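Structure record follows, encoded as structure tokens.
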Amino acid sequence: VKVYPSSKTLKLIQNKAKQKLFYIDKNIPTAPFSRFAYLSEIEDAVNNGGLDFPFVWKAAQFGYDGNGVKIVKKLSDLEGLPHGECIAENLVPFKNELAVIVARSVSGEIKSFPIVEMEFHPDANQVEYVICPARISSEVAKKAEAIALKTSESFNHVGLLAVEMFQTKDDEILVNEVAPRPHNSGHQTIEASFTSQFEQHIRAILNLPLGSTENKVGGVMVNLVGAEGFTGEVVYKNIDSIMKMKGVTPHIYGKKQTRPFRKMGHVTIVNKDINEARKIAEEVKKTIKVISK
166 VKVYPSSKTL KLIQNKAKQK LFYIDKNIPT APFSRFAYLS EIEDAVNNGG LDFPFVWKAA
226 QFGYDGNGVK IVKKLSDLEG LPHGECIAEN LVPFKNELAV IVARSVSGEI KSFPIVEMEF
286 HPDANQVEYV ICPARISSEV AKKAEAIALK TSESFNHVGL LAVEMFQTKD DEILVNEVAP
346 RPHNSGHQTI EASFTSQFEQ HIRAILNLPL GSTENKVGGV MVNLVGAEGF TGEVVYKNID
406 SIMKMKGVTP HIYGKKQTRP FRKMGHVTIV NKDINEARKI AEEVKKTIKV ISK
């Protein structure tokens, strides 16, 4: 039975240390890093002068939605972190966090969706807004797309591969990590693109012709996450108000229980003017609240 993504791809991607080593081996640009078997080795490296603050600690496995990642500015920041395998990555000064979703079929046909710009919550390290197309220069866009395509081809991947990247202060592109599936950075394609990321994934793994990845209109996605201070049976406060807004479509995931920062759904805002879509997205976020009874 053929399974996509392959077990080989999953084994590599699910370990951040192995993933980073893969990028080095394939000459894919990524932030400098060090690999450690145990957290205590990071402490030793700091004390011996082999590792300088600040850096980004990342658990090698089981990280998701901001969990398993922490900016470390002093030794006490390591307290309470898991003791297992991890990496310490240079803290890269960057302008933007970008993502490109690449679709690759069984026969090797390959297409990428327009580059998106991601805005993150400062505390939860979660994506708050996804903006498509990204508000970047054409030169940076071409560079990011080329690196995303190279990354997909290096994995020999079938299906979707979301490639998350940093745009540095010097407009270099560094690959952060990848996800071999429909991804949070592509949810706006349901309303904004000729082919949604979900349809494209099915086309790719069934070796059907890939659909057009062009945008019909600009799109901004807002993640709906549980509000701080609320845990229990979920209530979507003011959802009727946002449904009255032009170009706004909410998607609720059907999770019955909310907790702070749990992903409960998303809202897509479409508009010919991407800056206007971003303004409406801000209003959506201020209006709808994910709380509990």
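So that you can map any letter, position 277 of the sequence shown is 442 in this note's numbering, and since no number is skipped, the others follow by simple counting.
Even glycine gets a Cβ: it sits at the ideal position worked out from N, Cα and C.
None of these values were measured; they are calculated from a predicted model.
**Prompt:** For P219, which option in V257, G249, Y203 has the closest C-alpha, if you only look at C-alpha atoms?
**Reply:** V257
**Request:** Could you spell out the range, first to last residue, of the alpha helix (DSSP H) harbouring Q353?
**Result:** Note, Q353: premise wrong, no alpha helix (DSSP H); not H, not E.
**Item:** Span of the alpha helix (DSSP H), counted from its first residue to its last, around M408
**Value:** 404–408
**Request:** Decide yes or no for the touch test of the region 433–451 against the region 383–402: beta carbon pairs closer than 8 Å, at least 3 of them.
**Result:** yes
**Request:** From the DSSP output, in three-state form, read off N440 for me.
**Result:** helix
**Message:** Please tell me whether A268 and L375 are closer than 8 Å, where the distance is taken between their beta carbons.
**Reply:** yes
**Item:** CA nearest to the CA of E282, picked from E206, P298, L204, G273
**Value:** P298
**Request:** Entirely within the region 323–398 and at least 4 residues each: give me those alpha helix (DSSP H) ranges in chain order.
**Result:** 354–357, 362–370
**Inter-stretch contact at 8 Å, needing at least 3 Cβ pairs: the region 332–348 / the region 422–432** = no
**Prompt:** Is the shortest distance between the beta-carbon of I453 and the beta-carbons of chain C less than 8 Å?
**Reply:** Of the chains in the structure shown, none is chain C; there is only one protein chain.
**Item:** First through last residue of the alpha helix (DSSP H) which encompasses V305
**Value:** 303–320
**Asked** When we look at the beta-carbon of Y229 and count the other beta-carbons within 10 Å, is it buried (16 or more) or exposed?
**Response** exposed
**Request:** Give a yes or no on contact between the region 299–306 and the region 325–338, applying the rule of three or more CB pairs nearer than 8 Å.
**Result:** yes
**Message:** Under DSSP, the alpha helix (DSSP H) around S270 begins and ends at which residues?
**Reply:** Note, S270: premise wrong, no alpha helix (DSSP H); not H, not E.
**Asked** When the Cα atoms are used, what is the spatial distance from D431 to S457?
**Response** In the sequence on display, residue 431 carries His and not Asp. Cα-Cα distance, rounded: 17 Å.
**Asked** Who does E284 pair with in a DSSP beta bridge?
**Response** Y294
**Prompt:** What's the call for P170, buried or exposed, on a 16-neighbour Cβ count within 10 Å?
**Reply:** buried
**Prompt:** How long is the line joining the alpha carbons of K315 and N261, rounded to whole angstroms?
**Reply:** 20 Å
**Asked** Where does the unbroken beta strand (DSSP E) through V211 begin, and where does it stop?
**Response** Careful: V211 lies outside any beta strand (DSSP E), inside the alpha helix (DSSP H) at 204–212.
**Asked** F218 lies in the alpha helix (DSSP H); which residues open and close that run?
**Response** F218 -> no alpha helix (DSSP H), and no H or E assigned at all.
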